[in-house]
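Q: Starting off with a structure, shown below.
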Amino acid sequence: MKLTPLACLASLAFLALPAQAVQPTRSAPATALAIHAPAGISIYDQTDSPGASSVTSQNFEAANDAADDAAADDFQIPAGPGWTITALYVPGVYFGSGTGPADSVDVNFYADNAGLPGALECTSAAVVPTDSAGTFTIDLPVACVLPAGTHWVSVIANMDFSVGGQWGWSERAVQSFSGSAWQNPGDFFATGCTSWGSRVGDCGVGTDPDLLFALGGALTVAGAEPSVPVPTLGRSGIVTLILLLAAGSLWLLARRWTA
Numbered sequence: 004m005k006l007t008p009l010a011c012l013a014s015l016a017f018l019a020l021p022a023q024a025v026q027p028t029r030s031a032p033a034t035a036l037a038i039h040a041p042a043g044i045s046i047y048d049q050t051d052s053p054g055a056s057s058v059t060s061q062n063f064e065a066a067n068d069a070a071d072d073a074a075a076d077d078f079q080i081p082a083g084p085g086w087t088i089t090a091l092y093v094p095g096v097y098f099g100s101g102t103g104p105a106d107s108v109d110v111n112f113y114a115d116n117a118g119l120p121g122a123l124e125c126t127s128a129a130v131v132p133t134d135s136a137g138t139f140t141i142d143l144p145v146a147c148v149l150p151a152g153t154h155w156v157s158v159i160a161n162m163d164f165s166v167g168g169q170w171g172w173s174e175r176a177v178q179s180f181s182g183s184a185w186q187n188p189g190d191f192f193a194t195g196c197t198s199w200g201s202r203v204g205d206c207g208v209g210t211d212p213d214l215l216f217a218l219g220g221a222l223t224v225a226g227a228e229p230s231v232p233v234p235t236l237g238r239s240g241i242v243t244l245i246l247l248l249a250a251g252s253l254w255l256l257a258r259r260w261t262a
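Residue numbers (my numbering): 4 to 262.
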């Protein structure tokens with residue numbers, strides 16, 4: 004087909020247009036792999052029923068500060084001793100313009116506030132996780148001791164979008180307790196959720212109600228005193244003790260004979 008000069012100019016103008024920059028998005032398809040928490044991370048486990056998507060929860064570089072966002076989900080500690088939480092397992096994926104890895108993660112625990120995250124209870128910043136293609140095993144540098152009741156956990160990946168793309172926390176298709184929460188203070192994603200809101204119901208981020216995670220730790224023994232190590236005697240210590248006892252006995256016998 005013969006092109007007119009006008010058509011040629013229009014084609015050249017179209018080709019000269021800059022490509023639209025890739026930007027952060029709210030979510031991506033979740034991994035299809037089977038998900039199981041590692042042995043030892045079992046004080047609480049909701050890694051069953053993987054959902055359809057993974058949702059953004061990330062601290063971006065300065066150029067994308069408006070996109071900084073956080074996801075959180077709740078759990079309940081039964082009446083009685085609280086929990087001392089030392090580790091987390093968090094299934095997720097990398098998506099968008101890169102494949103990770105995250106530089107580190109921030110882990111925050113919150114009290115419950117009418118079905119959403121409330122006051123901050125524990126925080127561990129810039130923790131380097133064991134990373135398996137976006138699924139994190141996280142050992143907390145300082146244990147989080149929580150009482151019985153409802154609490155929230157938030158995991159945020161620290162990663163530059165221009166280098167690693169995005170990290171998404173994988174959804175759970177069934178809901179335990181309240182549905183998960185989400186916030187984007189800069190409202191980059193135009194959801195209106197500049198503070199904590201119901202992730203699906205209020206913010207429209209993802210489709211399934213909960214997030215996949217497991218917690219590791221132990222029951223907190225109320226009022227327990229810290230254990231004090233008891234010194235033990237080695238072979239030389241035992242010999243020294245026997246010699247001292249023998250010397251003491253001889254001294255007592257000598258005093259009796261001279262009395």
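In this text, a Cβ means the ideal position worked out from N, Cα and C, and glycines have one as well.
What residues in its chain sit with their C-beta under 7 Å from that of Ala40, if we drop five residues either side in the sequence?
A: The residues are Asp48, Thr50, Tyr92, Ala217.
Q: Give me, in chain order, the residues of the same chain whose beta-carbon lies closer than 6 Å to that of Trp155; leave out the 5 immediate sequence neighbours on both sides.
A: So the qualifying residues of the chain are Ala75, Asp77, Tyr113, Pro120.
Q: For Pro84, which residues from the same chain have a beta carbon less than 7 Å from its beta carbon, with the 5 sequence-adjacent residues on both sides left out?
A: These residues qualify, in order along the chain: Leu222, Thr223, Val224, Ala225.
Q: Nearest CA to the CA of Ser107: which residue from Leu246, Gln61, Gln26, Gly118?
A: With distances taken between Cα atoms, Ser107 lies closest to Gln61.
Q: For the beta strand (DSSP E) that contains Ser100, what are its first and last residues?
A: Run containing Ser100: none; DSSP gives neither H nor E here.
Q: If we require 4 or more residues per run, which alpha helix (DSSP H) segments fall completely within the region 115-176?
A: With a minimum length of 4 residues, the continuous alpha helix (DSSP H) runs that stay inside the region 115-176 are 164-167.
Q: Could you please give the first and the last residue of the uninterrupted beta strand (DSSP E) stretch that includes Leu218?
A: That run of the beta strand (DSSP E) goes 216-222.
Q: Do Ala176 and Gly200 count as a contact pair if the criterion is CB distance below 8 Å?
A: Cβ distance not < 8 Å, so Gly200 and Ala176 don't count as in contact.
Q: Touch check for the region 85-105 and the region 121-141: three-plus C-beta pairs under 8 Å?
A: As far as the Cβ criterion goes, the region 85-105 touches the region 121-141, which means the pair count is three or higher.
Q: Would you tell me roughly how many angstroms separate the C-alpha atoms of Pro212 and Thr59, rounded to the nearest one?
A: Rounded to the nearest angstrom, the two C-alpha atoms are 14 Å apart.
Q: Can you give the Cα-Cα distance for Ala33 and Val110, rounded to whole angstroms?
A: Rounded to the nearest angstrom, the two C-alpha atoms are 21 Å apart.
Q: DSSP has Asp76 in a bridge; who is on the other side?
A: Answer is Val156, bridged to Asp76.
Q: What is the rounded straight-line gap between the Cα of Gly152 and the Cα of Asp115?
A: When rounded, the distance between both Cα atoms is 8 Å.
Q: Please list, in chain order, all residues of the same chain as Cys147 whose beta carbon is under 6 Å from its beta carbon, the five residues on each side excluded.
A: Only Ile88, Phe112, Cys125 meet the Cβ criterion.
Q: Below 8 Å CB to CB, which residues in the same chain sit around Gly189 once its five sequence neighbours on both sides are set aside?
A: Closer than 8 Å at Cβ, skipping near neighbours: Asp68, Ala69, Ala70, Asp71, Thr197.
Q: Identify, in the order they occur along the chain, each residue of the same chain with its Cβ nearer than 6 Å to the Cβ of Ala73, setting aside the five sequence neighbours on each side.
A: Result list for Ala73: Ser60, Ser157, Ile159, Gln186, in chain order.
Q: From the DSSP output, read off the bridge partner residues of Ala250.
A: For Ala250, which the question treats as bridged, DSSP gives no partner whatsoever.
Q: Among the residues of its own chain, which have a CB less than 6 Å from the CB of Thr133, if the five just before and after it don't count?
A: So the qualifying residues of the chain are Thr140.
Q: Ala117: which of Val96, Ser181, Phe164 sits nearest, CA to CA?
A: Answer by Cα proximity: Ser181.
Q: Where Ser56 and Phe63 are concerned, what is the direct C-alpha to C-alpha distance, given to the nearest angstrom?
A: Cα to Cα, the separation comes out at about 20 Å.
Q: Just to confirm my understanding: we take Pro232, look at its own chain, exclude 5 residues before and 5 after, and list those with CB closer than 6 Å. What are they?
A: A caution first: Pro232 carries a pLDDT of 36, below 50, which makes its placement in the model unreliable, though a value can still be read off. Counting only Cβ-Cβ distances below 6 Å, and skipping sequence neighbours, we find nothing.
Q: Where does Ala70 sit, in a helix, a strand or coil, going by DSSP?
A: Reduced to three states, the DSSP call for Ala70 is helix.
Q: So Ser173 packs on Pro53, CB below 8 Å; how close in whole Å?
A: Between Pro53 and Ser173 the Cβ distance is about 6 Å, and since that is below 8 Å, they are a contact.
Q: Identify which residue in Gly171, Trp86, Ala90 has its Cα closest to the Cα of Ala42.
A: When only C-alpha atoms are compared, the closest one is Ala90.
Q: Would you decide whether Pro94 is buried or exposed? Buried here means 16 or more other CB atoms lie within 10 Å of its CB.
A: The residue is buried, with at least 16 neighbouring Cβ atoms inside 10 Å.
Q: Look at Gly168 and Ile46 and say whether their C-beta atoms are less than 8 Å apart.
A: Cβ distance not < 8 Å, so Gly168 and Ile46 don't count as in contact.
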